[in-house]
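Report on the following structure.
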Amino acid sequence: MKKTKIVVIEDEPDILEIIEYNLSKEGFEVCSALDGEEGLQLVKKEVPDLVLLDLMLPGLDGIEVCRKLKADSVTHYVSIIMVTAKGEESDIVLGLGMGADDYVIKPFSPRELMARIKSVLRRGTLKDDNALDQISRDGLVIDVNRHEVRLDGEKITLTAMEFRLLHFFASHPGRVFTREDLLSHVSSDDAFIIDRNIDVHIRAIRKKLDKHRDLIETIHRVGYRFKDEED
Ligand code: CA
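Residue numbering for the sequence shown follows the working numbering, starting at 70 and increasing by one per position.
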């Protein structure tokens, strides 16, 4: 079986060594680069399954690398997990907006890193055809054809916007979305009167989800995500 290939771009040798060790131990094929420019070339050459991208890099920084990878038709579909320090939330929001799949905050445990990697690999790059006709989760059932949501068997009533949001979330468990992401994914031309304040809609959905309200998690200063199946 072909090994899953991961490129690690990280300028701190000690951290890089730990990451390489743990990835190899898990059976991944690992290539690494110590700066952004070298990393960019390596990803273009290897076209890996996933990139672990440190954001604070000398020269070309991680956000620039992310932007360039997403703009290139060959590397566009490579999954990206950003590696950041605490307090870099604005960069996380920027990176997610560019199409990065997830992020981990330093310091992280090898276990946490592996969980994020496996989750991202499992769901693949975000594509709209991920959306299923029916989604069931912890007593919540979303039926798209019937435009119906049931909670522990009871039908609940959502506005069109709430329905679209909830369906979009539930189609991409574990993925963090910024408010802008959410708005652009669920807005449609006919819905010009909708309230553009995502938080208001989320609050309304949570209220209706009642004891299942925790399915939608708030990610402080970044956005929201639908609980991952293995969390
Ligand atoms: Ca760094």
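Even glycine gets a Cβ: it sits at the ideal position worked out from N, Cα and C.
Nothing here was measured: the structure is a model prediction, and the numbers come from that model.
Confirm, please, whether the CB-CB distance from residue j to residue i is below 8 Å.
i, j, result
"Arg136", "Met167", "yes"
"Asp160", "Leu109", "no"
"Arg282", "Arg290", "no"
"Val152", "Glu79", "yes"
"Asp279", "Leu220", "yes"
"Ala239", "Arg206", "yes"
Please work out which residues of its chain come closer than 8 Å, Cβ to Cβ, to residue i, disregarding the five sequence neighbours upstream and downstream, and give them in chain order.
i, result
"Gly292", "Val162, Leu165, Val245, Phe246, Thr247, Arg248, Asp250, Leu251"
"Ile75", "Leu92, Phe97, Glu98, Val99, Cys100, Pro117, Asp118, Leu119, Val120, Leu121, Ile186"
"Leu85", "Val77, Glu79, Ser101, Leu103"
"Ala140", "none"
"Lys72", "Gly96, Phe97, Glu98"
"Glu231", "His270, Ala273, Ile274, Lys277"
"Ile150", "Leu119, Val120, Leu121, Leu122, Ala169, Asp170, Asp171, Tyr172, Val173, Arg185, Ile186, Val189"
Mind checking residue i: buried by the 16 CB within 10 Å criterion, or exposed?
i, result
"Ala102", "buried"
"Val269", "exposed"
"Arg294", "buried"
"His236", "buried"
"Tyr172", "buried"
"Gly105", "buried"
"Val112", "buried"
"Ala229", "exposed"
"Asp170", "buried"
"His145", "exposed"
"Val189", "buried"
"Leu148", "Checking the displayed sequence, the identity of residue 148 turns out to be Ser instead of Leu. Buried, because 16 or more other Cβ atoms sit within 10 Å of the Cβ of Ser148."
"Pro242", "buried"
"Val134", "buried"
"Glu157", "buried"
Among the residues of its own chain, which have a CB less than 6 Å from the CB of residue i, if the five just before and after it don't count?
i, result
"Ile88", "Val77"
"Gln203", "Asp212"
"Ile225", "Val218, Lys277"
"Val255", "Arg233, Leu234, Phe237"
"Ser175", "According to the sequence displayed, residue 175 carries Lys and not Ser. Ala154."
"Val210", "Arg219"
By DSSP, does residue i sit in helix, in strand, or in coil?
i, result
"Arg290", "coil"
"Met167", "helix"
"Glu79", "coil"
"Tyr172", "strand"
"Glu298", "coil"
"Lys74", "strand"
"Leu209", "strand"
"Asp118", "coil"
"Leu124", "coil"
"Leu220", "strand"
"Glu86", "helix"
"Pro95", "Residue identity check: residue 95 is Glu in the sequence provided, not Pro. Three-state DSSP puts Glu95 in coil, outside helix and strand."
For residue i, which residues from the same chain have a beta carbon less than 7 Å from its beta carbon, with the 5 sequence-adjacent residues on both sides left out?
i, result
"Gly208", "Leu220, Asp221, His281"
"Thr287", "Tyr293"
"Asp297", "Ser188, Pro242, Gly243"
"Asn214", "Asp202"
Where do the ends of the alpha helix (DSSP H) carrying residue i lie?
i, result
"Val189", "179–192"
"Val255", "248–255"
"Leu235", "229–240"
"Asp268", "267–278"
Assuming residue i is part of the beta strand (DSSP E), what are its boundary residues?
i, result
"Glu133", "Here Glu133 belongs to no beta strand (DSSP E); instead the alpha helix (DSSP H) covers 131–140."
"Lys224", "223–225"
"Val147", "Counting along the chain, Val147 falls outside any beta strand (DSSP E), and DSSP gives it neither H nor E."
Within 7 Å: the Cβ of residue i and any heavy atom of ligand 2?
i, result
"Asp221", "Ligand 2 is not part of this structure, which contains only ligand 1."
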